[in-house]
Ligand code: G6P
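Here is the structure:
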């Protein structure tokens with residue numbers, strides 16, 4: 001397959017690329033003059049930013065994103081005219097062109113904390129305990145109109161403003177579940193725009209969508225059908241989306257061609273499993289800061305290290321992971337003092353009650369297990385809550401077993417990054433509901449994420465697997481990830497866009 005450049009060149013002759021996502025690609029850590037710490041511009045959290053950075057850089061796109069806090073608002077003022085596109089370079093040398101959307105707090109809060117997370121996030125990861133939640137009432141209706149729809153409109157207006165800077169029509173590449181209404185709005189305002197959307201999280205079954213009132217769930221689908229191409233992580237998501245269009249909205253779909261017929265247009269629905277940049281990761285793994293972290297890891301590491309790295313999100317299934325480990329320690333006394341479970345976690349969405357409560361139970365369960373089994377200075381679980389990429393990579397290089405056991409999840413790039421960096425032929429224990437399971441499941445130890453006994457058994461198998469097997473499996477995962485890297489993810493999408501545009 002030709003490189004990204006060849007597709008980009010041809011596309012850029014006719015279109016102006018614009019990437020749109022809620023989270024900006026970078027964040028500003030202000031200077032601390034008292035401690036003599038200078039200002040830092042760092043890459044934003046999450047797999048979305050990592051992946052889209054490659055795409056934005058490859059296509060020299062302008063990135064439209066929300067100004068979510070005072071630091072973002074400050075950055076927004078650094079353009080030649082306030083509110084215009086700003087050019088910013090992060091401390092790893094990546095340059096971005098960002099157009100910040102200024103959103104009033106009274107709109108951002110319901111958009112982000114009521115509708116996007118938890119409502120849509122919970123639906124798309126099957127997280128609701130339906131006997132109790134959600135309670136759909138006027139608060140939700142109000143948050144939908146005054147939060148979600150309003151913010152999507154503000155984003156659409158910004159896209160239109162950015163598009164007006166060029167005489168070429170825009171090629172709008174929208175990201176994720178926070179912006180489902182935007183594509184239809186942009187299409188109304190710029191009919192000649194080409195629109196593509198990538199959904200980074202699972203798309204559930206049509207039945208599960210019926211948790212939402214019909215006007216809201218239909219608005220989600222009508223909004224996203226404003227696109228020309230809709231991309232998902234897995235084949236399962238594509239099928240679920242087509243079924244949702246057919247069953248919930250009565251639209252005509254073609255399962256073989258993976259298309260939806262909508263208002264006289266044909267919308268393509270495709271799966272593009274997201275990936276990573278192996279070269280960038282390899283270079284990062286060699287950085288002195290990673291080596292320093294590895295040296296301090298070597299001070300405390302046990303004979304065998306089980307690792308998990310996740311945001312403290314309910315979908316990640318951190319608590320059941322600990323319960324499985326507790327079962328392992330109950331059954332295998334010989335592992336005591338030899339093994340340790342390192343949970344390296346990044347705090348996430350702490351303004352949402354469920355997320356705060358979840359972090360509480362994660363810490364509570366770990367503390368209970370530690371109380372139960374600790375002896376002679378050995379602590380079975382080590383929890384660290386920090387956002388430190390170098391430490392994460394040090395962990396990747398040194399685990400024996402990596403646990404990735406989400407309830408349901410989009411991709412889980414941790415599985416790809418971890419196995420690519422690891423230097424011990426570590427074993428991947430992987431949930432059958434992780435997006436990466438479609439590609440890597442064959443070479444991992446598959447678990448049902450709800451079954452803690454099965455997960456305990458898989459952890460045990462991972463810790464005791466012989467070297468030849470471990471090497472064989474790890475090698476196959478590395479090959480799979482390398483041959484389906486981020487460049488391929490982008491190239492396949494650009495190839496489809498080229499075909500569409502003709
Ligand atoms: C996931 C989502 C992204 C989101 C990221 C971090 O990767 O797919 O859309 O940006 O998590 O979540 P946050 O709410 O902190 O932006």
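In the working numbering, the protein residues as written are 1 to 502.
Every residue, glycine too, gets a C-beta built ideally from N, C-alpha and C.
Since the model is a prediction, treat every value here as computed from it, not as a measurement.
Residue i: first and last residue of the uninterrupted beta strand (DSSP E) it sits in
{"i": "residue 304", "result": "304-311"}
{"i": "residue 108", "result": "Run containing residue 108: none in the beta strand (DSSP E); it sits in the alpha helix (DSSP H), 105-109."}
{"i": "residue 265", "result": "265-271"}
{"i": "residue 175", "result": "170-175"}
{"i": "residue 17", "result": "16-20"}
{"i": "residue 231", "result": "229-232"}
{"i": "residue 499", "result": "Segment 486-501 is the alpha helix (DSSP H) holding residue 499; no beta strand (DSSP E) there."}
{"i": "residue 193", "result": "Counting along the chain, residue 193 falls outside any beta strand (DSSP E), and DSSP gives it neither H nor E."}
Heavy atom of ligand 1 within 7 Å of residue i beta-carbon
{"i": "residue 472", "result": "no"}
{"i": "residue 349", "result": "yes"}
{"i": "residue 235", "result": "no"}
{"i": "residue 200", "result": "yes"}
{"i": "residue 48", "result": "yes"}
{"i": "residue 22", "result": "yes"}
{"i": "residue 410", "result": "yes"}
{"i": "residue 353", "result": "no"}
{"i": "residue 117", "result": "yes"}
{"i": "residue 109", "result": "no"}
{"i": "residue 176", "result": "yes"}
Residue i and residue j closer than 8 Å at C-beta
{"i": "residue 91", "j": "residue 42", "result": "yes"}
{"i": "residue 419", "j": "residue 429", "result": "no"}
{"i": "residue 268", "j": "residue 229", "result": "yes"}
{"i": "residue 101", "j": "residue 26", "result": "no"}
{"i": "residue 294", "j": "residue 397", "result": "yes"}
{"i": "residue 363", "j": "residue 381", "result": "no"}
Contact set for residue i: own chain, Cβ-Cβ below 7 Å, skip 5 residues either direction
{"i": "residue 165", "result": "none"}
{"i": "residue 187", "result": "193, 195 and 226"}
{"i": "residue 313", "result": "348"}
{"i": "residue 277", "result": "54, 485 and 486"}
{"i": "residue 515", "result": "Nothing can be reported for residue 515: it is not among the residues displayed for the chain, which extend from 1 to 502."}
{"i": "residue 410", "result": "200, 201, 202, 233 and 435"}
{"i": "residue 322", "result": "365, 366, 369 and 381"}
{"i": "residue 421", "result": "281, 285, 393, 396 and 397"}
{"i": "residue 454", "result": "447 and 448"}
{"i": "residue 452", "result": "320, 323, 324 and 327"}
Own chain residues within Cβ distance below 8 Å of residue i, not counting five before or after
{"i": "residue 379", "result": "340 and 370"}
{"i": "residue 39", "result": "28, 29, 30 and 31"}
{"i": "residue 352", "result": "113, 117 and 118"}
{"i": "residue 218", "result": "248 and 249"}
Segment limits, alpha helix (DSSP H) that includes residue i
{"i": "residue 382", "result": "Counting along the chain, residue 382 falls outside any alpha helix (DSSP H), though it belongs to the beta strand (DSSP E) covering 381-385."}
{"i": "residue 249", "result": "235-249"}
{"i": "residue 322", "result": "318-331"}
{"i": "residue 217", "result": "214-224"}
{"i": "residue 391", "result": "389-398"}
{"i": "residue 292", "result": "288-300"}
Residues near residue i in its chain [Cβ-Cβ closer than 6 Å; skip 5 each side]
{"i": "residue 359", "result": "312"}
{"i": "residue 156", "result": "182, 185 and 186"}
{"i": "residue 266", "result": "259"}
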